[in-house]
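Asker: Quick note, the sequences are listed as chains A and B, same order. Take the first sequence: its letters are residues 1 to 474, numbered as in the numbering used here. Take the second sequence: its letters are residues 475 to 720, numbered as in the numbering used here. Beta carbons: idealized from backbone N, C-alpha and C, even for Gly. One structure is given below, represented as structure tokens, and several questions about it will come after.
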Amino acid sequence: MTAVDLAQLALGNLRRTKLRSFLTILGVVVGIGALLSMVSFGTGMQKNVTRALEDNDLFTSIFVTRQKIDFDAAVSGDIENAIGSFEKPAPVLNDSVLQSILGIEGVDMAFPEIRFPGKIFSFGQSAKTTIQALPVTMERFRPFNSLLYGTFFRNDTCRGAVLNHHVLRELKIRLSAPGAHTPLSTEDSLRGFRTMHPDSVIGSEIELITTIVDIKKVLQNPLQAVTGTQNLPVRESRLRFRISGILPPESGFESGRFNAGIFLPFHTARSIPRMGFASVWDLLDSTPENAGYGSVYVRVQKMRDVESVAASIRAMGFGTFSIMDQLKEIRQGFLILDSLLGAVGVIALFVAALGIINTMVMSILERTREIGVMKAIGGSEAEIRAIFFIEAGVIGFLGGIFGLGLGWIVTRIANVVGNHLLSAQGVPHVRFFHFPPWLLLGALAFSVCVSLLAGLYPASRAARVDPVKALRHD
Amino acid sequence: MLFTYKRGMSFQMENTMIQVQNLSRTYMKGMVKVHALRNISFSMSRGEFTAIVGRSGSGKSTLLNLIGGLDTATSGHLIVNQKDLTSMKRMELAHHRRFTVGMIFQSFNLIPSRTALENVSLALTFGNVPGKKRDLLAAALLSKVGLNTRMHHKPGELSGGEAQRVAIARALANHPVILLADEPTGNLDVKTSAEILDLLVALNRSEGVTVLMVTHDEKSAGKTAHRMIQLQDGRIIHDISSRGPQ
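In structure tokens, the structure reads:
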């Protein structure tokens, strides 16, 4: 008997019990559908996060800090060592260090991270936000190489500013899509929002207010400066900028290294009068010996340079942080997530496998006489086992194919519903599910394998049917 | 010509189709040991038509199942077509059932979901007949047993006589040298029974196929068979040839 004959017999048997075969296959369909939806969600999340990290150029970024923090000691619970690393005198991150870092092979650019709080006034509204200084060379990189509207600032000394999309919302402005009338939602109009054309936003003036220490006040009442929090000896500094570009909103998964509200040219921002601290801790910690930058952002040319450049910087006595350090943990985390999600699908498939066993055992009970007849006319045990085994395989294959279809439909619906819910909160469109080819082929192969395993017992039971008993005349 | 059987040669050994030597079959029925066959011996020549008669439980069907390779003996030897079944592996027994013997039963044992043609065709499938030839061959076999018109009917739509003809066609599918019939007329009326017996006799005569038929109807057995073996409690109590007792 050829393989084709065996397959025809198996298919014929399935066709004869259409409803039962359909229900059994449906069980596998649901199992594979669940497995595929779950795992594709895991891989989708992983892809989104990885892409977000890539989009933010985090794979080529190193953050240099003054303190050499012993993360490993901290993670492994060696608190003394971890704390000890803070206590050692740290070198200062100043311009000469910056030059040394720039001299390391593979370094593309390095600039100190200058961020400070400020308040902006524009279009009759005000918003509190963070200001970040960026060199004009950042124009080449994400997210600044793909501005929503306008252009990056021309040089490091001009009075241009790039606004982050979320600041516009704080300024109660909603941008209208070019060439389209975008009505405001009832909620937005009640909150006093207004629609503006991007062209009229670009080039508009914006006033930046920062806080500086008022020397006069300090001199007038030196005691008050150290005793109370009321009437601190500070005054406001006001500067005018022109909006040159607007950053697109972040997708839900971008961790946002560049999440400041407003970006200013590096030298311009550096010269803005401000208090040199972002928190009270910075103030307490500031001594003449440790004057310098808090941290430095280093960009390497290629991903593979990250490790070596970071090592060179650490050798200079500084602490480094790059996403590469975390990548292994991130991958492990996703492996756990995928396993947990996959487990749900596997349980569903396990139930389906029990369904297959049940259906086939029932079918054997019903077909005992038929099996006896097949043996009487010369069917060998191997052939009878093969017929039932193939039946199980066909159930698994068909269930797998339709399960992939079901998984696809379910994830499409979930994607639409999920995005609909998230878009209400202003989150841009996200693809939650990802179907790499290995997942599709793997799910199908898994379905067939599980079904074949489920078919092992019924098939061997069918092969062991005693023809004498099966054919006994009742 | 569809069926050609190798005719026996002159000497005795070649001419013996079935040789039963001290054959016993016991099995457990709950806690009780049942002796279905007790140390029986006989032999059958090629082309012989033998009837085995006896009451229920005398061991007739057990003997037939042993010769058919559906069951295995507890002790003794059973040589069919010069091969000892008692030393055969399961795979060899399947081959024996497929090519050496053809079996028909009282309750026909056709597969109800398959048409007459498909039932015969299934046996040909097990006989490794290529797909294209199967239907033609099955149709020819059905015509041979006188069932030209109802080939595409399922067993439920056939009369008892017609169903038994389909079973005979199926039994003949892979050119067996022995036809084993277990109460082939047990479910049929007198007229149809006579027709089926006539068919078996015709096959025995024209094709030279050895027939071993189990029946409780001694009267008709005596008319059709060359020889009648009577069993009682697993033993042979009479062995009568139409040419006189053996």
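Indicate whether at least one CB of chain A lies closer than 7 Å to the CB of ILE642/B.
Answerer: Taking Cβ atoms only, chain A never reaches closer than 7 Å to ILE642/B, which makes this a no.
Asker: What are the partner residues of LEU241/A, as DSSP defines its beta bridges?
Answerer: In the sequence as presented, Leu is not what sits at residue 241/A; that position holds Phe. Its beta-bridge partners are ILE206/A.
Asker: Between the stretch 429-437 of chain A and the stretch 43-60 of chain A, can you find at least three pairs of beta-carbon atoms closer than 8 Å?
Answerer: Yes, since at least three Cβ pairs between the stretch 43-60 of chain A and the stretch 429-437 of chain A fall closer than 8 Å, the two stretches touch.
Asker: Under 8 Å Cβ-Cβ, which residues of chain A neighbour LEU544/B?
Answerer: Per Cβ cutoff of 8 Å: LYS375, ALA376, PRO467, VAL468 and LEU471.
Asker: Note down, in chain order, every chain B residue with its Cβ under 9 Å from the Cβ of GLU381/A.
Answerer: Ordered by position in chain B, the residues that pass the 9 Å Cβ test against GLU381/A are ARG564, MET565 and ALA568.
Asker: By the 10 Å Cβ neighbour count, where 16 or more other Cβ atoms means buried, how is SER595/B classified, buried or exposed?
Answerer: When all chains shown are included, SER595/B counts as buried.
Asker: Check whether the Cβ of LEU555/B lies closer than 7 Å to any Cβ atom in chain A.
Answerer: It is Asn, not Leu, that sits at residue 555/B in the sequence shown. No - not a single Cβ of chain A is within 7 Å of the one on ASN555/B.
Asker: With a CB to CB cut of under 6 Å and the five nearest residues on each side skipped, what residues in its chain are close to THR151/A?
Answerer: Here the set comprises SER244 and GLY245.
Asker: Check the Cβ-Cβ distances between GLU366/A and every residue of chain B, and say whether any is below 7 Å.
Answerer: No, GLU366/A does not count as interfacial toward chain B.
Asker: Any C-beta of chain B sitting closer than 7 Å to the C-beta of GLU370/A?
Answerer: Interface residue, yes.
Asker: Would you mind sorting HIS570/B into buried or exposed? The rule is 16 or more other CB atoms within 10 Å of its CB.
Answerer: When all chains shown are included, HIS570/B counts as buried.
Asker: Quick one: grab the DSSP three-state call for PHE59/A.
Answerer: Helix.
Asker: Cβ atoms of SER176/A and ILE212/A: under 7 Å apart, would you say?
Answerer: It is not a contact, given that the beta carbons lie outside the stated cut-off.
Asker: Taking a cut of 9 Å between CB atoms, which residues from the stretch 323-346 of chain A lie near chain B?
Answerer: Here the close residues number zero.
Asker: What's the call for LEU584/B, buried or exposed, on a 16-neighbour Cβ count within 10 Å?
Answerer: So LEU584/B ends up on the buried side.
Asker: Does the stretch 679-687 of chain B touch the stretch 519-534 of chain B, meaning 3 or more C-beta pairs lie closer than 8 Å?
Answerer: Because the criterion of three Cβ pairs below 8 Å is met, the stretch 519-534 of chain B and the stretch 679-687 of chain B touch.
Asker: Within the continuous alpha helix (DSSP H) that includes MET324/A, where are the two ends?
Answerer: Run containing MET324/A: 323-366, per the alpha helix (DSSP H) assignment.
Asker: Per the contact definition of three or more C-beta pairs closer than 8 Å, is the stretch 588-605 of chain B in contact with the stretch 537-556 of chain B?
Answerer: Touching, no.
Asker: Can you name the residues of chain A whose CB is closer than 7 Å to the CB of ILE585/B?
Answerer: Per Cβ cutoff of 7 Å: GLU370 and VAL373.
Asker: Excluding the five sequence neighbours on either side, which residues of its own chain have a C-beta within less than 8 Å of the C-beta of LEU540/B, listed in chain order?
Answerer: LEU497, ARG499, LEU511, THR546, ALA547, LEU552 and LEU559, listed in sequence order.
Asker: Can you give me the C-alpha to C-alpha distance between THR666/B and GLY634/B, rounded to a whole angstrom?
Answerer: Spanning the two alpha carbons is a distance of roughly 8 Å.
Asker: Within the chosen definition, does the stretch 460-474 of chain A reach the stretch 410-424 of chain A through at least 3 CB pairs nearer than 8 Å?
Answerer: As far as the Cβ criterion goes, the stretch 460-474 of chain A does not touch the stretch 410-424 of chain A, which means the pair count is below three.
Asker: Quick check on the DSSP output: the alpha helix (DSSP H) that includes ILE272/A runs from which residue to which?
Answerer: Where ILE272/A is concerned, there is no enclosing alpha helix (DSSP H), given that its DSSP letter is neither H nor E.
Asker: Would you list, in chain order, the members of the stretch 579-607 of chain B that have their beta-carbon closer than 8 Å to a beta-carbon of chain A?
Answerer: Answer in chain order: PHE579, GLN580, SER581, ASN583, LEU584, ILE585, SER587, LEU596, ALA597, THR599, PHE600, GLY601, ASN602 and GLY605.
Asker: Report the option in MET324/A, GLY106/A and ILE114/A whose CA atom is closest to the CA atom of ASN94/A.
Answerer: It is ILE114/A whose Cα lies nearest to the Cα of ASN94/A.
Asker: On the DSSP letters alone, give me the boundaries of the alpha helix (DSSP H) that ILE387/A sits inside.
Answerer: Element bounds for ILE387/A: 381-423.
Asker: Give the secondary structure of ASN155/A by DSSP, where H, G and I count as helix, E and B as strand, and everything else as coil.
Answerer: If DSSP states are grouped into helix, strand and coil, ASN155/A belongs with coil.
Asker: Tell me whether the stretch 645-664 of chain B and the stretch 685-700 of chain B touch, counting them as touching only if at least three CB pairs, one residue from each stretch, are closer than 8 Å.
Answerer: Counting Cβ pairs under 8 Å, three or more are found: they touch.
Asker: Among ILE32/A, LEU11/A and LEU6/A, which has the Cα closest to the Cα of ILE401/A?
Answerer: Checking every option, the nearest Cα to that of ILE401/A belongs to ILE32/A.
Asker: Compare the C-beta of ASN513/B with all C-beta atoms of chain A and state if any pair is closer than 7 Å.
Answerer: So, not an interface residue.
Asker: Quick one, are the C-beta atoms of ALA647/B and PHE582/B less than 7 Å apart?
Answerer: In this structure, PHE582/B does not lie closer than 7 Å to ALA647/B by Cβ.
Asker: Could you check whether the Cβ of ARG15/A sits closer than 7 Å to any Cβ belonging to chain B?
Answerer: It does not; no Cβ of chain B falls within 7 Å.
Asker: Mind listing the chain B neighbours of MET1/A? Cutoff is C-beta to C-beta under 7 Å, in chain order.
Answerer: What MET1/A touches in chain B: THR599, PHE600 and ASN602.
Asker: For PHE446/A, does the three-state DSSP call read helix, strand or coil?
Answerer: Note: PHE446/A maps to helix in three-state DSSP.
Asker: What is the DSSP secondary structure of MET502/B, counted as helix, strand or coil?
Answerer: In this structure, MET502/B counts as strand in the three-state DSSP scheme.
Asker: Check whether chain A comes within 7 Å of ASN489/B, counting only Cβ atoms and requiring the distance to be less than that.
Answerer: No, ASN489/B lies away from the interface with chain A (no Cβ there is under 7 Å from its Cβ).
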